[in-house]
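Q: Take this structure, written in structure tokens, and hold onto it; I'll ask about it next.
Chains as they are written, first to last, in the working numbering: chain L, 31 to 361; chain P, 34 to 537.
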């Protein structure tokens with residue numbers, strides 16, 4: 031689809047240029063920034079965000095939005111930690127249960143959105159609140175520290191050493207993240223259900239008339255995000271070595287920001303997985319660079335808020351540009 | 034005077050027998066008997082609200098007819114029609130909005146059926162391109178298969194929609210007002226295509242109300258009026274006038290209402306106005322007491338211009354002057370304060386709060402003016418205001434406290450009109466004021482508009498129905514691709530001359 035690539039190539043090219051500029055800027059400001067170890071750490075630190083963003087991207091393309099994924103991830107994480115510590119189940123069962131719970135909670139979001147015909151943002155604000163509150167209620171807010179070794183121990187697939195204390199590791203979170211990105215890309219560009227998600231986001235009325243099973247498409251989108259949220263919850267506990275019911279609370283906007291920054295529109299139908307990955311990269315580099323330059327971490331929330339505002343205003347700006355182009359065609 | 038079917042015609046593709054459909058108390062289709070032959074182009078004529086879309090929905094399985102009605106396709110009765118079944122029988126509908134996916138490629142849109150299978154199956158882009166290519170070849174059309182449909186001009190999008198129907202093995206193709214946004218040469222190409230489809234054993238039901246087009250393309254014509262199928266004729270035998278009379282059910286004698294305009298009283302002047310991508314170089318003058326018609330094809334920029342004059346879409350260039358004073362129209366509040374009122378095309382979604390009472394709807398635009406001490410607006414004040422307008426506009430409303438949703442379409446329109454007249458406007462913009470209003474109520478609205486003009490209100494009457502502007506406006510402007518292309522004085526030119534020029 032050359033035309034598609036051309037449209038999104040623009041968003042992606044802009045992101046790539048900004049990323050390169052930031053790299054040069056931060057590289058000059060801090061000698062530590064432009065090093066492989068720093069980048070490997072950065073990618074691992076953003077693995078959970080990327081896994082979640084892949085799911086949010088799918089829901090955004092379908093024309094919906096879901097902000098309950100942080101609650102779903104926390105619930106999946108806690109369930110897995112509970113069965114692993116109390117019943118001694120292995121990784122396959124624990125991860126399977128986390129993903130299944132995520133799938134179920136995502137399906138609830140899809141069905142509520144479908145049958146109540148209310149904006150999905152309202153639905154998922156409500157379910158987010160319900161899921162989190164139930165989780166705290168059931169767990170009493172207590173953390174699980176004694177995760178089994180297979181879960182808490184760092185898993186390194188590849189390691190290169192450059193000198194004393196300088197090394198690059200390809201760890202489990204990075205591998206899972208790459209797998210999720212590739213899977214999502216293939217699902218969205220080359221399967222029927224993926225193209226149906228794009229079609230639904232592009233023109234819901236037409237999807238209905240053409241004979242789509244719209245509930246099924248929505249179940250796929252929200253369920254996929256839920257499943258990935260369960261997986262992300264597992265990886266997050268793996269990275270910090272404990273399961274905390276509120277660990278993921280407050281990550282919603284950051285994840286949404288990278289998806290929108292990457293070109294997924296709030297009105298649905300457009301965006302690519304590649305663009306979202308560039309969005310993650312841009313925000314990661316910005317945070318790391320500001321950090322190395324000694325800017326307060328609290329300031330980063332300002333950056334996230336501004337990112338959302340700027341990417342959304344750019345969308346309406348391009349809408350105006352499109353009007354101008356249309357006029358050019360007519361004349 | 035239904036014609037006897039001569040014995041030499043082909044078999045019937047579609048037969049409806051005694052088909053009725055009620056929604057609550059409203060009868061949308063009333064005991065319809067109708068047949069469409071396999072080898073014809075059959076035109077279906079009816080006003081908005083005549084039951085056309087209900088009929089299409091019943092045949093395509095979206096709506097279930099009332100018990101006792103029968104749908105036969107190729108002679109076989111289909112008592113349980115569903116959307117899937119009707120598609121498998123070859124029924125395809127091309128909706129007026131085309132129902133395409135603007136963000137997907139031409140190939141994906143045409144071969145959409147291939148995306149409907151099992152979800153995790155591969156979306157085979159190569160196979161979809163091949164299928165799309167085959168259909169386009171059979172129509173002898175070239176389209177860039179990888180282009181995103183949203184970037185195609187509307188005539189080409191229509192080809193995509195038709196191709197999608199063919200790719201899904203259409204044998205009975207409904208086309209809902211396919212010519213509404215096409216220029217004359219595009220219509221010619223579409224007709225060539227329609228004739229080709231008929232040769233390919235595809236039966237066409239062509240919904241339209243442009244008489245000249247019907248005479249050109251149709252084999253037979255049927256009239257649907259208020260849910261009743263009131264006759265099927267050979268297209269060759271139908272003259273324009275006879276059809277109009279049949280359609281309206283009574284003889285309406287149109288007279289030209291145009292009066293000479295007093296050029297010395299310019300009220301609203303639009304100077305070199307433009308808005309990127311919508312319209313440019315607009316110059317027009319609206320005089321006191323004048324009815325100025327504004328017409329053109331769908332998408333010519335009429336509504337966009339109206340929204341700008343009403344302050345809802347700021348101009349990128351140019352000025353609007355009222356009584357010689359430059360207006361700064363940054364919001365509709367500015368326009369209302371200056372004395373400009375706007376009755377929108379879509380009265381239900383934009384002009385009226387259906388859940389509120391008639392009196393609340395009328396009072397909403399003048400709350401400041403009728404507010405008493407402490408800025409409070411009493412219910413009695415609203416009621417007397419509304420009752421005055423109910424009388425003035427000859428509305429059929431028993432109780433102004435009733436929800437606006439209880440009124441008929443024509444009366445709802447009057448409520449919106451009352452709401453704006455209460456602001457005592459100098460300029461009234463009417464955008465397609467009679468869409469969805471039946472022919473009897475239309476006359477009432479026209480009378481009202483003329484009365485308003487006589488009282489000194491300047492009226493901009495926007496419509497894509499040429500007779501509407503021809504018979505009611507003092508002058509008519511023709512808008513084309515965002516510019517004013519022509520000016521006509523009804524009477525100085527004939528209606529046909531005007532039509533020829535606009536559809537050219």
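Where a beta carbon is used, it is the ideal one built from N, C-alpha and C, also for glycine. Since the structure is predicted, the reported quantities are computational estimates derived from the model, not experimental observations.
In terms of alpha-carbon separation, which member of P/221, P/338, P/516 lies closest to residue 377 of chain P?
A: It is P/338.
Q: Output, in chain order, the set of chain P residues within a Cβ distance shorter than 9 angstroms of residue 228 of chain L.
A: Chain P residues near residue 228 of chain L: 134, 136, 137, 141.
Q: Among L/251, L/122, L/269, which has the Cα closest to the Cα of residue 143 of chain L?
A: Answer by Cα proximity: L/251.
Q: Could you please give the first and the last residue of the uninterrupted alpha helix (DSSP H) stretch that includes residue 289 of chain L?
A: Per DSSP, residue 289 of chain L belongs to the alpha helix (DSSP H) from 282-291.
Q: Rounded to the nearest angstrom, what separates residue 143 of chain P and residue 71 of chain P at their Cα positions?
A: So the two alpha carbons sit approximately 24 angstroms from each other.
Q: Could you give the C-beta distance for residue 365 of chain L and residue 177 of chain L, rounded to a whole number, given that I count them as a contact under 8 angstroms?
A: The structure shown does not extend to residue 365 of chain L, since chain L is modelled only from 31 through 361, so no value can be given for it.
Q: Unbroken alpha helix (DSSP H) runs of length 4 or more, entirely within the region 240-272 of chain P: which are they?
A: You should have 244-250.
Q: Using DSSP bridges, identify the partner residues of residue 68 of chain P.
A: P/48, per the DSSP bridge assignment.
Q: Helix, strand or coil: how does DSSP classify residue 43 of chain L here?
A: Note: residue 43 of chain L maps to helix in three-state DSSP.
Q: Output yes if chain P places a C-beta closer than 8 angstroms to the C-beta of residue 31 of chain L; else output no.
A: Since pLDDT at residue 31 of chain L reaches only 39, below the 50 mark, its modelled position is unreliable, and the value read off the structure follows with that caveat. Taking Cβ atoms only, chain P reaches closer than 8 angstroms to residue 31 of chain L, which makes this a yes.
Q: Residues of chain L with CB closer than 9 angstroms to the CB of residue 351 of chain P, please, in chain order.
A: None at all; the shortest Cβ gap to chain L is about 15 angstroms.
Q: Find the residues of chain P that neighbour residue 221 of chain L, judging by a C-beta separation of less than 8 angstroms, and give them in chain order.
A: Under the 8 angstroms cutoff, chain P gives 152, 153, 154, 155, 156.
Q: Nearest chain P C-beta to residue 81 of chain L closer than 8 angstroms, yes or no?
A: No - not a single Cβ of chain P is within 8 angstroms of the one on residue 81 of chain L.
Q: Find the residues of chain L that neighbour residue 26 of chain P, judging by a C-beta separation of less than 8 angstroms, and give them in chain order.
A: As displayed, chain P neither begins before 34 nor continues past 537, which places residue 26 of chain P out of reach and without an answer.
Q: Is there a C-beta anywhere in chain L that falls below 8 angstroms from the one on residue 536 of chain P?
A: Not an interface residue.
Q: In this structure, does DSSP put residue 372 of chain P in helix, strand or coil?
A: Residue 372 of chain P: coil per DSSP, three-state reduction.
Q: Using only the alpha-carbon positions, how far apart do residue 102 of chain L and residue 71 of chain L sit?
A: Using only the alpha carbons, I get a separation of about 26 angstroms.
Q: Let me know the secondary structure DSSP gives residue 174 of chain P once reduced to three states.
A: Coil at residue 174 of chain P, not helix or strand.
Q: Does residue 482 of chain P come out as helix, strand or coil in the three-state DSSP assignment?
A: Here residue 482 of chain P sits in helix by DSSP.
Q: By DSSP, does residue 209 of chain P sit in helix, in strand, or in coil?
A: It is a strand residue.
Q: When the cut-off is 8 angstroms and only beta carbons count, does residue 117 of chain P lie next to chain L?
A: Residue 117 of chain P counts as touching chain L.
Q: Relative to chain L, which residues along the region 330-345 of chain P have a C-beta separation below 8 angstroms, given in chain order?
A: Listed by position along the chain: nothing, the set is empty.
Q: Within 8 angstroms (strictly less), CB to CB, does residue 43 of chain L reach chain P?
A: Closer than 8 angstroms: no.
Q: When you compare the CB positions of residue 447 of chain P and residue 461 of chain P, do they come within less than 8 angstroms of one another, or not?
A: Not a contact, by the Cβ cut-off of 8 angstroms.
Q: Check whether chain L comes within 8 angstroms of residue 148 of chain P, counting only Cβ atoms and requiring the distance to be less than that.
A: Chain L, which has a Cβ nearer than 8 angstroms to the Cβ of residue 148 of chain P, makes this yes.
Q: Along the chain, where does the beta strand (DSSP E) that runs through residue 299 of chain P open and close?
A: Per DSSP, residue 299 of chain P belongs to the beta strand (DSSP E) from 299-308.
Q: Would you report the Cα separation of residue 96 of chain P and residue 294 of chain L, rounded to the nearest angstrom?
A: Roughly 36 angstroms separates the two Cα atoms.
Q: Taking the straight line between their C-alpha atoms, what separation do you get for residue 186 of chain L and residue 69 of chain L?
A: Spanning the two alpha carbons is a distance of roughly 16 angstroms.
Q: Can you check whether the C-beta of residue 208 of chain P is within less than 8 angstroms of a C-beta belonging to chain L?
A: No, residue 208 of chain P does not count as interfacial toward chain L.
Q: Can you give the Cα-Cα distance for residue 245 of chain L and residue 409 of chain P, rounded to whole angstroms?
A: Each residue's alpha carbon lies about 48 angstroms from the other.
Q: Grouping DSSP H, G and I as helix and E and B as strand, with all else coil, what is residue 95 of chain P?
A: Three-state DSSP puts residue 95 of chain P in coil, outside helix and strand.
Q: List the residues of chain L whose Cβ lies closer than 9 angstroms to the Cβ of residue 128 of chain P, in chain order.
A: Near residue 128 of chain P (Cβ distances below 9 angstroms), the residues of chain L are 235, 236, 239.
Q: For residue 115 of chain L versus residue 168 of chain L, is the C-beta spacing smaller than 8 angstroms?
A: Their beta carbons are not under 8 angstroms apart, which means residue 115 of chain L does not touch residue 168 of chain L by this criterion.
Q: CB of residue 87 of chain L to nearest heavy atom of the ligand PLP: below 7 angstroms?
A: In terms of ligand content, the structure shown is empty, and the ligand PLP therefore cannot be addressed.
Q: My guess is that residue 565 of chain P and residue 492 of chain P are in contact by the Cβ rule of under 8 angstroms, so how many angstroms apart are they, rounded?
A: There is no way to answer for residue 565 of chain P, as the model of chain P reaches only from 34 to 537.
Q: Are the region 252-260 of chain L and the region 131-145 of chain L touching, with three or more C-beta to C-beta distances below 8 angstroms?
A: Segments in contact, yes.
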